[in-house]
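J.:
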Amino acid sequence: MSLFWRIFGLNAVVLGAATALLLWAPVTVSVPVGLTEAVVLIGGLVVMLVANAALLRIGLAPVDRLTQRMVTVDLLRPGHRQPVDGHGSVAVLLRTFNEMLDRLESERAASSARALSAQESERRRIARELHDEVGQSMTAVLLELKRAADRAPEELRGDLRHAQETTRQSLDEVRRIARRLRPGVLDDLGLTSALTALATDYATHTGLTVRCRCDSGPPDPGAAAELVIYRVAQEALTNTARHADARTVDLTLRRAPGAVVLEVRDDGRGMGRAREGAGIRGMRERALFIEADLDIGPAPAGGLSVRLTVPLPREERGAA
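Heads up: the sequence shown at position 268 corresponds to 268 in UniProt numbering, and the numbers run straight through without jumps.
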């Protein structure tokens with residue numbers, strides 16, 4: 001039954017019932033209208049309106065739920081669909097909406113995959129140029145400063161050594177930026193070593209106490225998933241250092257049935273009513289890229305918890 005005929009039928013039922021009551025009820029209307037007659041007529045009108053409103057509320061409830069879902073839908077939180085019952089026009093509308101969400105989520109995942117792939121390629125290129133070109137140039141400058149300091153008069157050696165130390169610190173910073181752009185340790189030594197190095201680096205440069213605990217020999221989620229896990233951990237630590245006002249961060253990587261779970265938990269002030277920024281949206285896009293689940297919420301003991309659950313490939317699930 002179409003929505004038009006459903007609403008028409010509901011109103012017809014109410015009006016038909018009201019007409020039957022007027023025909024068969026022993027009530028007449030005189031002129032002028034008496035108090036009892038007015039009370040009966042007003043009461044009948046109220047009953048008719050209430051019944052009509054209740055029936056319309058029931059009939060239009062699926063449309064109201066659809067409207068609320070359209071307002072709150074977020075393609076970075078996939079999987080939410082409207083229940084479909086029956087075969088009428090409302091069911092067709094709900095089914096069409098669910099199919100539209102399927103297409104949009106698929107297109108969003110594909111576009112995010114292309115964007116993230118291009119981003120990682122650009123990061124790799126910049127990191128290589130920083131390491132090979134800028135790093136080598138600064139190393140050459142450092143050697144020239146050392147030779148100049150060895151040959152310079154005593155009164156100039158202090159300034160040259162100071163310039164040499166400044167250049168060395170700048171070279172270390174360039175190398176650190178290159179490592180953050182493209183973690184070579186992830187390719188060379190694996191995810192566990194990369195996360196440990198990341199935690200050590202953040203603890204050194206931010207003053208946070210970062211406790212890193214990783215299960216020994218976790219199953220291999222794949223190269224793409226390892227990079228997503230590393231980037232999510234990196235972004236979570238960056239957000240903690242910038243916004244959380246925390247003192248301690250716990251970074252854990254553990255095995256779960258059919259999955260690998262990364263959790264970054266701090267003891268800061270949490271998100272409160274703050275809206276998700278570009279960093280968290282980026283984490284959600286990366287999670288969507290590998291069909292992982294990302295949960296961000298308050299930690300049990302206060303602060304914020306970021307948990308990424310990465311499904312394992314089928315062959316790794318059997319091994320795990």
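For glycine and all other residues, C-beta sits at the position ideal for the given N, C-alpha and C. Because the structure is a prediction, the values reported are computed rather than measured.
Where DSSP assigns a beta bridge to LEU262, which residues make up the other side?
T.: Answer by DSSP bridge pairing, in chain order: LEU253 and LEU308.
J.: For ALA299, collect the residues of the same chain with a Cβ closer than 6 Å to its Cβ; drop the 5 residues on either side in sequence, then sort them by chain order.
T.: ARG265 and SER305
J.: Considering ILE296, what are the terminal residues of the beta strand (DSSP E) in which it resides?
T.: Looking at the DSSP string, the run of the beta strand (DSSP E) that includes ILE296 is 293-298.
J.: When the Cα atoms are used, what is the spatial distance from LEU294 to ALA236?
T.: 12 Å
J.: Kindly indicate which three-state DSSP category ARG211 falls into: helix, strand or coil?
T.: strand
J.: Report the residue from ALA51, GLY43, ILE42 and VAL39 whose alpha carbon sits nearest the alpha carbon of GLY16.
T.: For the set ALA51, GLY43, ILE42 and VAL39, the Cα lying nearest the Cα of GLY16 is the one of ALA51.
J.: When the Cα of VAL210 is compared with those of LEU160, LEU189, ALA233 and ARG151, which residue comes out closest?
T.: ALA233
J.: Given a cut-off of 7 Å on the beta-carbon distance, is the pair VAL260 and PRO221 in contact?
T.: Yes, they are a contact pair.
J.: Between the C-alpha atoms of GLU173 and ARG179, what's the straight-line distance to the nearest angstrom?
T.: 10 Å
J.: Just to confirm, are VAL249 and LEU195 a CB contact at a threshold of 7 Å?
T.: Their beta carbons are not under 7 Å apart, which means VAL249 does not touch LEU195 by this criterion.
J.: Please determine if the stretch 79-99 and the stretch 47-67 are in contact, where contact requires at least 3 C-beta pairs separated by less than 8 Å.
T.: yes
J.: Are ILE126 and LEU198 close, meaning C-beta to C-beta below 7 Å?
T.: no
J.: For VAL13, tell me which candidate among ILE280, ALA54, VAL310 and VAL141 has the shortest Cα-Cα distance.
T.: From the listed residues ILE280, ALA54, VAL310 and VAL141, the smallest Cα separation to VAL13 is found for ALA54.
J.: Please identify the residue among LEU262, GLN169 and LEU227 whose C-alpha is closest to the C-alpha of CYS214.
T.: LEU262
J.: Please look up how many angstroms separate the CB atoms of ASP267 and ALA301, rounded, as I've assumed it's under 8 Å.
T.: About 7 Å separates the Cβ atoms of ASP267 and ALA301, confirming a contact at the 8 Å cut-off.
J.: Who are the Cβ neighbours of residue 323 in its own chain at under 8 Å, not counting the five residues just before and after it?
T.: The structure shown does not extend to residue 323, since the chain is modelled only from 1 through 320, so no value can be given for it.
J.: To the nearest whole angstrom, what separates the beta carbons of LEU160 and LEU142, a pair I think is in contact under 8 Å?
T.: Contact doesn't hold; Cβ gap of about 11 Å is too wide.
J.: Give a yes or no on whether the C-beta atoms belonging to PHE289 and LEU116 are separated by under 7 Å.
T.: yes
J.: Who does THR248 pair with in a DSSP beta bridge?
T.: In DSSP, THR248 forms a bridge with THR209.
J.: Report yes if the C-beta distance between ARG307 and ARG231 is below 7 Å; otherwise report no.
T.: no
J.: How would you label ILE229, buried or exposed, when you count the other beta carbons within 10 angstroms and need 16 or more for buried?
T.: buried
J.: Which residue comes first and which comes last in the alpha helix (DSSP H) that contains VAL232?
T.: 223-239
J.: Going along the chain, which residues of its own chain have a beta-carbon closer than 8 Å to the beta-carbon of ARG123, five neighbours each way excluded?
T.: LEU181 and ARG182
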